[in-house]
Amino acid sequence: MTADELRLVLETELAWRQEELAFFKNQLNEIVEEDKDKYRKSLVLILYSHMEGYIKICLQTYIQYINSQGLKRKEVDTGLMVASMHKEFIATVYKGNIIKNLIMDCQSYTKYRPNETTGGIFVSWRRKEELPTGA
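In terms of our numbering, the sequence shown has 142 at position 133, counting the first letter as 1, and numbering is strictly consecutive.
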């Protein structure tokens, strides 16, 4: 697949989706006033569906393009290289029940709490704090 073929696929995919969304938007003029809110809500679902589908097609087509170039992992962006190694990571993680052991260790020794320094956006692992018994 060439860069021009990639661009053609992406532009074609986008064009038909834009045409369909324009069609639905134009239909709004034909709907009686009391039903327009219902129609607008359904348009949000259609828009979401089109965006999700377009992004999926774009990513799949881009992967095909990258694969057709015959590049080695070390020749691509680090993020793409890591994403291409998903199967290897999963195989390594599940080998020897590492995940099960890690979860058990975390449950025994740590507590999942928001990191106060980041306002709860990021999280950190901390040791459980035992409350004193008695008064």
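Just so it is clear, CB atoms sit at the ideal spot from N, CA and C, and this is done for glycine as well.
Keep in mind the model is a prediction, meaning the values are calculated, not measured.
Practice task
On a CA-only basis, which of Ile99, Leu89, Ile66 is nearest isoleucine 75? Give me that one, please.
Solution key: The shortest Cα separation from isoleucine 75 among Ile99, Leu89, Ile66 belongs to Leu89.
Exercise for the section: Output the boundary residues of the alpha helix (DSSP H) element that contains lysine 81. Expected result: For lysine 81, no alpha helix (DSSP H) run applies, since DSSP gives it neither H nor E.
Handout entry: glutamate 42 versus arginine 49: straight-line alpha-carbon distance, rounded
Key = Near 11 Å, if we compare the C-alpha coordinates of arginine 49 and glutamate 42.
Exercise for the section: Using the Cα positions of glutamine 92 and tyrosine 71, report the straight-line distance between them to the nearest angstrom. Expected result: In the sequence as displayed, the identity of residue 92 is alanine instead of glutamine. Cα to Cα, the separation comes out at about 13 Å.
Practice task
Spatial neighbours of aspartate 44 within its chain, please: CB distance less than 8 Å, with the 5 preceding and 5 following residues excluded, ordered by chain position.
Solution key: Exclusion of the five residues before and after aspartate 44 leaves no residue of its chain whose Cβ lies closer than 8 Å to its Cβ.
Practice task
Give the secondary structure of isoleucine 72 by DSSP, where H, G and I count as helix, E and B as strand, and everything else as coil.
Solution key: Three-state result, isoleucine 72: helix.
Handout entry: Beta carbon of glutamate 146 nearer than 8 Å to that of isoleucine 66
Key = Look at the range of the chain in this structure, 10 to 144, and you will see that residue 146 is not part of it.
Exercise for the section: Report the rounded CA-to-CA distance for leucine 15 versus alanine 24, giving the unit in angstroms. Expected result: Near 14 Å, if we compare the C-alpha coordinates of alanine 24 and leucine 15.
Handout entry: threonine 11 versus Lys81, Gln73, Ser58, residue with shortest Cα-Cα distance
Key = Per the Cα distances, Gln73.
Exercise for the section: Give every residue of the same chain whose Cβ lies closer than 8 Å to the Cβ of histidine 59, excluding the five residues on either side of it in the sequence, and list them in chain order. Expected result: The answer, listed in chain order, is Arg26, Glu29, Leu30.
Practice task
Mind reading off the beta-carbon distance from phenylalanine 32 to leucine 52? Whole number of angstroms is fine, and I expect it under 8 Å.
Solution key: Their Cβ separation, rounded to whole angstroms, is 11 Å, which puts phenylalanine 32 and leucine 52 out of contact at 8 Å.
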